[in-house]
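Everything on this sheet refers to the single structure shown next.
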Amino acid sequence: MKSMWKECLDCKVKCCNSEVIELPLFLTKPDLNLIKARGYDISKLINATKCYFYSDNKKCNIHSIKPVDCKLFPFDIDVDKITNEPYWIIWELDCVLAKKLNDLKDAEPYLKHFEKTIIPYFKEHIQEYSDFNETDLVRNHEFKILRKIKID
Numbered sequence: 177m178k179s180m181w182k183e184c185l186d187c188k189v190k191c192c193n194s195e196v197i198e199l200p201l202f203l204t205k206p207d208l209n210l211i212k213a214r215g216y217d218i219s220k221l222i223n224a225t226k227c228y229f230y231s232d233n234k235k236c237n238i239h240s241i242k243p244v245d246c247k248l249f250p251f252d253i254d255v256d257k258i259t260n261e262p263y264w265i266i267w268e269l270d271c272v273l274a275k276k277l278n279d280l281k282d283a284e285p286y287l288k289h290f291e292k293t294i295i296p297y298f299k300e301h302i303q304e305y306s307d308f309n310e311t312d313l314v315r316n317h318e319f320k321i322l323r324k325i326k327i328d
């Protein structure tokens, strides 16, 4: 999985420091508690236009506890409005990583990794997360549906 994030580290765009990312981020209560415990003022997240946790040295200050939005990007979760089934999507942005992983064959190792490491702990939040993400990103950017999320 490190190779996936290497693309981000080598990228000159730095989505985390731009208005490409949609704010506010979706935060669960455990996320909020961990972030508060690190001494961050959560109220500064409300009107932020860029990521509050992105440092001047171009690194994430909360990398080890970053929210699901950040862990998944450029992938995301969308719930079908008719069937209520969750699907993996990938944003079609000017992003080297998104372009590289736009094919299901290339994305599959990452989706499997997320299904093993994130989904078991996040499945109770999937509908709320999908509803929360009905934002300007959805209205202003295209995405590609990759496949249904496998939930055990």
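Under my numbering, the letters of the sequence shown match residues 177 to 328, in that order. Every residue gets a Cβ at the ideal spot worked out from N, C-alpha and C, and that includes glycine. Treat the numbers as computed from the prediction; the structure is a model and nothing was measured.
Taking a 10 Å sphere around the C-beta of I211, we find 16 or more other C-beta atoms and assign the residue as buried. Rounded to the nearest angstrom, the gap between the Cα atoms of H317 and P243 is 21 Å. Secondary structure at D207: helix, using DSSP grouped into helix, strand and coil.
Per DSSP, reduced to three states, the secondary structure at P262 is strand. Taking 8 Å as the upper bound for CB-CB distance, W264 and L287 are in contact here, some 5 Å apart. DSSP assignment within the stretch 242-292 yields the following whole beta strand (DSSP E) runs of 3 residues or more, N-terminal first: 251-255, 262-267. Here the alpha carbon of D328 sits roughly 22 Å from the alpha carbon of F249.
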